[in-house]
Every structure is written in structure tokens, then in C-alpha cells.
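Numbering (the working numbering) for the sequence shown: 47 to 149. Some notes on the structure that comes next.
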Amino acid sequence: VLNPGDFNTNNSLGRHEFLPPESEDDPYAEQFKRTLGIIERDETTGRGPEVLAKKIVKIVESKNPRQRYINASFDQRLAVLLKYILPGKLFRKILETYYKIER
């Protein structure tokens, strides 16, 4: 299993068709735009896909590959670790703060 972080590809281009709010009056429209903006910023400032391609080649050529790989930025790797060591409510609060989710 290879868990990639954010990479600078054109994947963001088609995302707007993924369940956007139906109108500007939708109570989640503003939150959707704000969070999507953060996600798109992270992707457009992410590493190039060549980094991921090199990792895939290394895994395929490995004699004894591990079961799981994480190919992500330091912050994203840290988030994976924190998910397992922090209580769920605290981890959720960190994500809500990062993605500017208002409750």
C-alpha cells in the first residue's frame, strides 16, 4: 500500500464536480469553498509527481517491499502518526483548525 500525500498534478481540476453545494444559499457553501481552497493550495504547492514515480520504481524493484509506504510531506507524515497516538476528538480539532472548519 502506498499512501501519497499532496502532489502538484492536475487532479484538482475535476474536483469541483465532486458534490459542490447546489447554490450560494447552501449553508455549507462558504465552508466548502474555504476548505477546498486549502486543499487546492496544498496540492498546487506539493511536490512534483516525479517524486512519487521514483518511490514506486524503488518499491517495485525492492526484493522485500514493506506492506505500507507513506510518501508525503513532513506535516502529512506527522498527521498520520498523530492520528494513532492522539485521542480522536483532539485529532479532529487539529484537522478542523487546519482546514478552518467552523462548528
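From the three backbone atoms N, C-alpha and C, an ideal C-beta is built for every residue, glycine too. Since the model is a prediction, treat every value here as computed from it, not as a measurement.
Could you say which of the options lies nearest to residue i if we only look at CA atoms?
| i | options | result |
| --- | --- | --- |
| A118 | D71, E89, P73 and N56 | E89 |
| N57 | I85, Q77 and Y74 | I85 |
| L59 | V47, Y145 and G83 | G83 |
| R87 | L132, D52 and K129 | D52 |
Nearest-angstrom Cα distance between residue i and residue j?
| i | j | result |
| --- | --- | --- |
| N54 | Q113 | 25 Å |
| K146 | R80 | 7 Å |
| F120 | G92 | 12 Å |
| P66 | Y74 | 9 Å |
| V172 | V97 | Residue 172 lies beyond the residue range present for the chain, which begins at 47 and ends at 149; the question has no answer from this structure. |
| K100 | S69 | 42 Å |
| K129 | V47 | 18 Å |
Residues in its own chain within less than 7 Å of residue i by CB, not counting five upstream and five downstream?
| i | result |
| --- | --- |
| I116 | N49, R123 and V126 |
| E148 | Q77 |
Buried or exposed, going by whether 16 or more other CB atoms sit within 10 Å of the CB of residue i?
| i | result |
| --- | --- |
| G94 | exposed |
| G134 | exposed |
| D72 | exposed |
In the DSSP assignment, what are the bridge partners of residue i?
| i | result |
| --- | --- |
| P133 | The partner list for P133 (beta bridge, DSSP) is empty, contrary to what the question assumes. |
| I116 | N49 |
| R93 | F53 |
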